[in-house]
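Undergrad:
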Amino acid sequence: MKPLDAPNINYLWTTLMIEELVRNGVMHFVVSPGSRSTPLTLAVAEHPLANHTIHYDERGAAFYALGMAKVTGNPVALVCTSGSAVANYLPAVVEASQSNVPLLLLTADRPPELLNCGANQAIDQQRIFGDYTRWYTELPCPTEDIDPAFVLTTMDQAVHRSRHPHIGPVHVNCHFREPLAPKKVAYEAKGLERLEKWAEDEWPYSTDSREGQPTFMGVRDEVLELIFNAKRGLLVIGPSTSGVDTLDAGLTALQLGWPIWVDVAGKIYNKFDGDYAESEHFDVLLKSEEYQEAIQPDVVLHLGGPLVSKRALEYFDSIRPTYVHLTTWPEQLDAMHYVTHFIRAASINSFLICEPGDNDLEDEIQDSSAADSNNDEFPTPDPKWSALNECISQVLDTHCAQDTLSEISVARHITQACPEGGLLYLGNSMPVRDVDMFGDPNCKAAQVLANRGASGIDGNIASALGAAQCAECTTLLLGDLATLHDLNSLALARDLDAPFILVVINNDGGGIFSFLPVAEQTPHFESHFGTPHGMNFEHAAAQFGLDYVRPETMCAFRDAYAAASTTPGATLIEVCTDRAANKTEHEQVQQAMIEAAEQFLKENK
C-alpha cells in the first residue's frame with residue numbers, strides 16, 4: 001500500500017514507519033507471527049523493497065537478525081507481538097549490545113487500558129531490555145490528533161541511535177488498539193497534507209549529522225612516541241566492527257614490523273597483502289615460560305575488540321606493559337585493568353592517519369626507515385616468528401594427519417578447507433577456542449565470526465544463518481548443547497540456495513567443563529555439568545530437510561565437508577567424540593606444541 005493511502009489509522013502509522021526505515025537503509029525485517037503486531041507485519045509484507053524473513057521463534061529470529069546485521073553492518077529490524085514474545089528477544093539483545101551490533105526492535109503492545117488489569121498476553125514491556133538498548137521510546141496508540149510526521153522523525157531517530165554514537169540495539173514499543181486487521185475505517189490525520197512532498201520523493205523526512213572524526217592530536221602524539229621508543233613491541237589485533245578497520249589493522253601490522261597476535265575473530269585473511277610477523281597459536285604457547293620471555297613486550301598496541309584468549313589477558317596482567325588499546329568500541333574493554341592508554345576513535349584509520357598536511361604513522365615509520373642503511377619501506381619483521389609458526393604447524397599437521405576423528409583435527413581441517421571467500425562462524429565454548437588454539441591461520445575465509453559479546457551458546461544457529469544470507473558459502477562449527485539450544489532455528493535453513501555446512505561436535509554434553517577444576521572436585525560433575533543427553537542429530541536434520549552425514553574417520557569427514565561445500569542448501573555433519581578422550585588429546589597436543597616451541601627458542605636465542 002502507498003504510505004498515505006492506508007485503510008485505517010493503524011496502517012497509516014505502520015506504513016509510514018516501514019517506509020521511513022527503508023529510506024534510512026533498513027532493508028531487512030525478521031518477523032515472528034502474532035496478532036497484536038498485525039499492522040506492522042502487513043506493512044512489511046506489502047512494502048516492495050522490504051526484504052523479510054519469517055521465523056515463529058522470537059529468540060531464534062533475534063539471533064538471525066543479529067547474524068545478518070553483524071555481516072552487513074546495517075540495522076536489521078525485528079517485528080513481534082506483545083507479551084512473552086518480546087521477552088524472548090533478550091538474549092540476542094544482550095549479545096548485540098555487548099558486541100556493538102545494530103538492531104531495531106519493533107514490538108507490538110496492548111493499549112494502556114489493557115495493561116495492569118489482567119488482560120491476556122499483556123506484560124510490562126517498558127524498558128524491558130534495561131540498559132542493553134542504546135535508546136528506548138514508546139509509540140502511543142495511533143490517533144488522528146498526533147501529527148504523523150512524529151512517526152517519521154521517531155524512525156529517523158531510532159536508526160540514528162542504532163548507529164551513533166554507540167552502535168547497538170534500539171527498542172521502539174508500539175501500542176495498538178483494534179482494528180488490527182486492515183479493515184477500512186475513515187480517518188482524518190492531523191497534518192497529513194504536509195507529508196505529500198515526502199511521499200513523492202525517496203529521502204528520509206529528517207537526517208542526523210555526526211561530528212567529524214576525532215583527531216586526538218595530543219594523545220596521538222604521545223602514543224606515537226611510545227611506539228617509536230618501544231624496545232620490544234607487540235601488536236594485538238582483535239575483532240573489528242568493520243572491514244575498513246580490519247584493513248587498517250593489516251596496514252599497521254605491515255608498517256610496524258612487530259610480532260602480532262591476531263584473535264580468532266579478528267583474522268585479516270584476504271584483507272591485506274604483506275609479510276607479517278604473526279605469532280600463531282599464542283594462546284597455547286603462552287603455557288611456555290620460554291615463549292613468554294621471548295615475546296615479552298614493553299609496549300602493546302591493541303587494535304579492535306577483546307580477545308578470546310583468557311591466557312593472554314592473564315599474561316598481560318602479570319607483566320604490565322605500556323598498553324595502548326585503540327578501538328571503535330566505546331566500552332571499557334579492560335577486564336584485568338592493565339590498559340594504560342584506552343583510546344576510542346571513529347575508526348582505527350582516523351586515529352593513526354591525521355588530517356591532510358599532518359604526519360601520519362606511515363610517514364613517521366618511513367622517515368625512521370630512511371635513516372636505516374637498508375632504507376626499506378617498512379621495518380623487516382623478525383623471521384624467528386615465521387620459523388616458529390612453521391615448527392608448530394608441523395606438530396599440528398603431523399597429529400592431524402592421523403585418520404582418527406577428533407575435535408582438534410576437525411577444527412584444523414575446517415580452517416584449511418573452508419572455501420576461499422566463504423564465511424566461518426564459530427560457536428562458543430570449545431569450537432571458538434579450538435580454532436583459536438589449533439586452527440590454520442592461513443584460512444581462506446573472508447570473515448571469521450563469533451558471538452563473543454556475551455559469549456552465550458544461545459542463538460548460534462540463527463546468527464550464522466542470518467550471516468549466511470550475505471555469503472556464498474558458510475560453515476558453522478558448533479557443539480551439541482549449543483545445537484540443542486537453538487534447534488528450531490534450523491527451520492530458517494530450508495530455503496538456502498548457497499552451501500551451509502553445520503558441523504556439530506557431539507561429545508554428549510558440556511565438553512568445556514571437563515577442562516575446569518570442578519571436573520576433579522565433585523561427585524556431581526557428570527550429572528550437573530557434563531549433562532549427558534544421549535541424543536544424536538540425524539532425525540533433527542531429517543525433520544528440517546537438511547542433508548545429513550555422520551563420518552567415522554577423518555578421511556570420511558574431509559570427503560563429507562568437501563561435498564557439502566559445493567552442494568546448495570544446508571548439510572549437517574555430525575562428529576561424535578568422547579569427552580574424556582578429547583581432554584586427554586588436548587593435553588597431549590598442547591604439550592607437544594610447547595615442547596617444540598621451547599626447543600626452537602633455545603636453539604634460536
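Numbered per this note's numbering, the sequence shown spans residues 1 to 605.
A virtual CB, placed ideally from N, CA and C, is assigned to each residue, including glycine.
Taking three-plus beta-carbon pairs below 8 angstroms as touching, is the segment 60–70 in contact with the segment 127–135?
TA: At 8 angstroms Cβ cutoff, the stretches do not touch.
Undergrad: Could you name each continuous beta strand (DSSP E) segment of 3 residues or more that falls completely within the segment 15–103, going from the start of the chain to the end?
TA: Correct list: 28–31, 51–54, 76–80.
Undergrad: Consult DSSP for residue 284 and reduce its assignment to one of helix, strand or coil.
TA: DSSP places residue 284 in helix when its eight states are reduced to three.
Undergrad: Counting only runs of 3+ residues fully inside the segment 216–241, write out the beta strand (DSSP E) ranges in chain order.
TA: Here the runs fully enclosed are 233–237.
Undergrad: Tell me the DSSP secondary structure of residue 169 in three-state form.
TA: Residue 169 falls in the strand class under three-state DSSP.
Undergrad: Give the single residue among 558, 15, 580, 483 whose Cα lies nearest to the Cα of residue 535.
TA: Measuring from the Cα of residue 535, the nearest candidate turns out to be 483.
Undergrad: Quick one: which unbroken alpha helix (DSSP H) runs of 4-plus residues sit fully inside the segment 131–183? Chain order, please.
TA: The segment 131–183 contains these whole alpha helix (DSSP H) runs: 149–163.
Undergrad: Assuming residue 447 is part of the beta strand (DSSP E), what are its boundary residues?
TA: Run containing residue 447: 447–450, per the beta strand (DSSP E) assignment.
Undergrad: Would you mind working out which of 527, 501, 597, 517 sits nearest residue 574, comparing C-alpha positions?
TA: If we check each option's Cα against that of residue 574, 501 comes out closest.
Undergrad: In this structure, does DSSP put residue 123 in helix, strand or coil?
TA: Of the three classes helix, strand and coil, the one that applies to residue 123 here is coil, per DSSP.
Undergrad: Would you mind reading off the limits of the beta strand (DSSP E) that contains residue 261?
TA: Counting along the chain, the beta strand (DSSP E) containing residue 261 begins and ends at 259–262.
Undergrad: Within its chain, find whatever has a CB closer than 7 angstroms to the CB of residue 531; leave out the 5 residues flanking it on each side and keep chain order.
TA: So the list reads 509, 510, once near-sequence residues are dropped.
Undergrad: Do you know offhand how far residue 97's Cα is from residue 169's?
TA: Computed Cα separation, rounded: 6 angstroms.
Undergrad: Can you give me the Cβ contacts of residue 16 inside the same chain, cut-off strictly under 7 angstroms, excluding the 5 residues immediately before and after it?
TA: The answer, listed in chain order, is 3, 148, 151, 152.
Undergrad: Suppose you measure from the CA of residue 494 to the CA of residue 465; what does that come to, to the nearest Å?
TA: When rounded, the distance between both Cα atoms is 10 angstroms.
Undergrad: Given a cut-off of 9 angstroms on the beta-carbon distance, is the pair residue 20 and residue 155 in contact?
TA: In contact: residue 20 and residue 155 (Cβ atoms closer than 9 angstroms).
Undergrad: What would DSSP say about residue 584, mapped onto helix, strand or coil?
TA: Looking at residue 584 - three-state DSSP - the assignment turns out to be helix.
Undergrad: DSSP puts residue 574 in a beta bridge; with which residues?
TA: Bridge partners of residue 574: 504.
Undergrad: For residue 423, does the three-state DSSP call read helix, strand or coil?
TA: Three-state result, residue 423: strand.
Undergrad: Contact between the segment 441–448 and the segment 28–46: three or more CB pairs below 8 angstroms?
TA: Judged by Cβ distances under 8 angstroms, the segment 441–448 makes no contact with the segment 28–46, as fewer than three pairs qualify.
Undergrad: Considering only heavy atoms of the ligand FAD, does any lie closer than 8 angstroms to the CB of residue 545?
TA: Because no ligand of any kind appears in the structure shown, any question about the ligand FAD cannot be addressed here.
Undergrad: For residue 252, is the classification buried or exposed, using 16 other Cβ atoms within 10 angstroms of its Cβ as the cut-off for buried?
TA: Buried.
Undergrad: According to the neighbour-count rule (16 or more other Cβ atoms, all chains shown, within 10 Å of its Cβ), is residue 118 buried or exposed?
TA: Answer is exposed; the Cβ neighbour count stays below 16.
Undergrad: Give the secondary structure of residue 522 by DSSP, where H, G and I count as helix, E and B as strand, and everything else as coil.
TA: Three-state result, residue 522: coil.
Undergrad: Could you pull the start and end residues of the beta strand (DSSP E) that residue 325 belongs to?
TA: Its beta strand (DSSP E) spans residues 322–327.
Undergrad: Alpha carbon to alpha carbon, what distance is there between residue 546 and residue 430?
TA: Spanning the two alpha carbons is a distance of roughly 24 angstroms.
Undergrad: Reducing DSSP to helix, strand and coil, say where residue 278 ends up.
TA: Of the three classes helix, strand and coil, the one that applies to residue 278 here is strand, per DSSP.
Undergrad: Which whole-angstrom value is the C-beta distance of residue 694 and residue 597, which I expect to be below 8 angstroms?
TA: Outside the shown range of the chain (1 to 605) lies residue 694, about which nothing can therefore be said.
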